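A.B. asks: Please find one structure pasted underneath; my questions will follow.
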Amino acid sequence: KKKKMKEKIHVHVADDHKILIEGIIAVINTDKDIEVDGYSLTGKEVIDWAQSNTADILILDINMPHYDGIEVLKFFKMKNIKIRTIILSSYDDVKLVEEMLTLGASGFLSKDSAGEHIINAIKAVHEGEQYFSDAIKSNLLKLYTGMKVIAGQRPESTIAHSLTDREVEVLKLIAQEYSSPEIADILNISQSTVDTYRKSLLKKTNVKNAVGLAMYAVKNKII
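Once you know that position 150 of the sequence shown is 150 in my numbering, the rest is easy, because the numbers rise by one and skip nothing.
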């Protein structure tokens, strides 16, 4: 029997530089699981395209003429257009990354590293995860871990999410990039206990991974 063909991941690319689009398409074409469904050169073209077409993933440049990436995402939100979006930007400003995530983007790549990350980013975002290129990930964590909460100050918002004191301790350490074995060591508990806390934290905070937990910790002033 013939095996059923795996569904390809369909991607639309939006950038105002044709050369960058061609570069991205060339990289994507090296992976048989991903197919490019057209491209747009302006935000307006993306919006027009999105009203009668769809794709699994949209690669969206922030700086485009006739509606930039931010306006495109706002339009999608307003019209309830659901399309997983990976942002391309020449800037990896953390505040900008946060704004994009708030507007519903699932990934953020700086243009200089887009080539090496694009395939992994498409696959991760297609699976429902968030994806950031390395510099952005470390900037997000730096931003977050730079803020320490005074001991004994229990953030109100964690109570709303009913995190236990021990979960908060684990969350702080995860947000500071400690690994499970290191956390087990610091808190003097077994690694499987740490993993249980990690699972419970992901469930309670409704995020996908450690970066999500770090962002949650910052947003709720836990670190």
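For each residue, glycine too, the CB sits at the ideal point set by N, CA and C. Everything numeric in this text was worked out from a predicted model, so none of it was measured.
1. Which term fits Gln153, buried or exposed, when burial requires 16 or more other beta carbons within 10 angstroms of its beta carbon?
2. In its own chain, which residues sit with a C-beta less than 7 Å from the C-beta of Val13, not counting the 5 before and 5 after it?
3. Contact between the segment 62-79 and the segment 44-52: three or more CB pairs below 8 Å?
4. Cα separation between Asn206 and Asp31?
5. Could you give the DSSP three-state label for Glu156: helix, strand or coil?
6. Less than 9 Å between the C-beta atoms of Ile57 and Arg84, yes or no?
7. Taking Cβ to Cβ, would you say Ala175 is nearer than 9 Å to Leu141?
8. Quick one: give me the first and last residue of the beta strand (DSSP E) that Tyr197 is part of.
9. Mind listing, in chain order, the continuous alpha helix (DSSP H) runs of no fewer than 4 residues lying wholly within the segment 31-95?
10. With 9 Å set as the bound, which would you pick, yes or no: does the beta-carbon of Ala105 sit closer than that to a beta-carbon of chain C?
11. For Ala214, is the classification buried or exposed, using 16 other Cβ atoms within 10 angstroms of its Cβ as the cut-off for buried?
12. Roughly how many angstroms separate the alpha carbons of Ile62 and Asn188, rounded to a whole number?
13. What did DSSP end up calling Leu109 once you bin it into helix, strand or coil?
14. Considering Cα atoms alone, identify which of Lys79, Ala135, Ser190, Asn120 is closest to Ile9.
15. Going by beta-carbon coordinates alone, are Leu103 and Leu73 separated by less than 9 Å?
16. Can you check whether the CB of Leu101 is closer than 9 Å to the CB of Met64?
17. Assuming the contact rule is C-beta atoms closer than 8 Å, Glu167 and Ser200 should be a hit. Round their C-beta distance to whole Å, please.
18. Do Gly115 and Val170 have their beta-carbon atoms positioned less than 9 Å apart in this structure?
C.D. replies: Here's the rundown:
1. Within the sequence shown, the letter at position 153 stands for residue 153. In this prediction, Gln153 has a pLDDT of 44, which is less than 50 and means its spatial position is unreliable; what the coordinates show is noted afterwards. That one is exposed.
2. Here residue 13 refers to the residue found at position 13 of the sequence shown. Ile21, Ile24, Ile25, Val36, Tyr39, Ile59, listed in sequence order.
3. yes
4. Sequence index remark: in the sequence shown, residue 206 carries index 206 (1-based). Sequence index remark: in the sequence shown, residue 31 carries index 31 (1-based). Taking the straight line from one Cα to the other gives about 31 Å.
5. As a position in the sequence shown, residue 156 is number 156, starting the count at 1. In this predicted model, Glu156 has a pLDDT of only 49, less than 50, meaning its place in the structure is not dependable; the value taken from the coordinates is given anyway. Reduced to three states, the DSSP call for Glu156 is helix.
6. Sequence index remark: in the sequence shown, residue 57 carries index 57 (1-based). Sequence index remark: in the sequence shown, residue 84 carries index 84 (1-based). Result yes, Cβ atoms of Ile57 and Arg84 sit closer than 9 Å.
7. Residue 175 sits at position 175 when you count from the first residue of the sequence shown. Residue 141 sits at position 141 when you count from the first residue of the sequence shown. Contact: yes.
8. Position 197 of the sequence shown holds residue 197. No beta strand (DSSP E) holds Tyr197; the alpha helix (DSSP H) holding it covers 191-205.
9. 43-52, 69-79
10. Absent here is chain C; the protein component of the structure consists of one chain.
11. As a first step, residue 214 must be located in the sequence shown, where it is residue number 214. When all chains shown are included, Ala214 counts as buried.
12. Here residue 62 corresponds to residue number 62 of the sequence shown, with the count starting at 1. Here residue 188 corresponds to residue number 188 of the sequence shown, with the count starting at 1. Cα to Cα, the separation comes out at about 45 Å.
13. As a position in the sequence shown, residue 109 is number 109, starting the count at 1. Here Leu109 sits in strand by DSSP.
14. Counting from one through the sequence shown, the residue named residue 9 turns up at place 9. When only C-alpha atoms are compared, the closest one is Asn120.
15. Here residue 103 refers to the residue found at position 103 when the sequence shown is read from its first residue. Here residue 73 refers to the residue found at position 73 when the sequence shown is read from its first residue. In contact: Leu103 and Leu73 (Cβ atoms closer than 9 Å).
16. Within the sequence shown, the letter at position 64 stands for residue 64. Within the sequence shown, the letter at position 101 stands for residue 101. The answer is no: Cβ separation not under 9 Å.
17. In the sequence shown, the residue the question calls residue 167 occupies position 167. In the sequence shown, the residue the question calls residue 200 occupies position 200. Confirmed, Cβ separation roughly 6 Å.
18. In the sequence shown, the residue the question calls residue 170 occupies position 170. In the sequence shown, the residue the question calls residue 115 occupies position 115. No, the pair does not count as a contact, with Cβ atoms beyond the cut-off.
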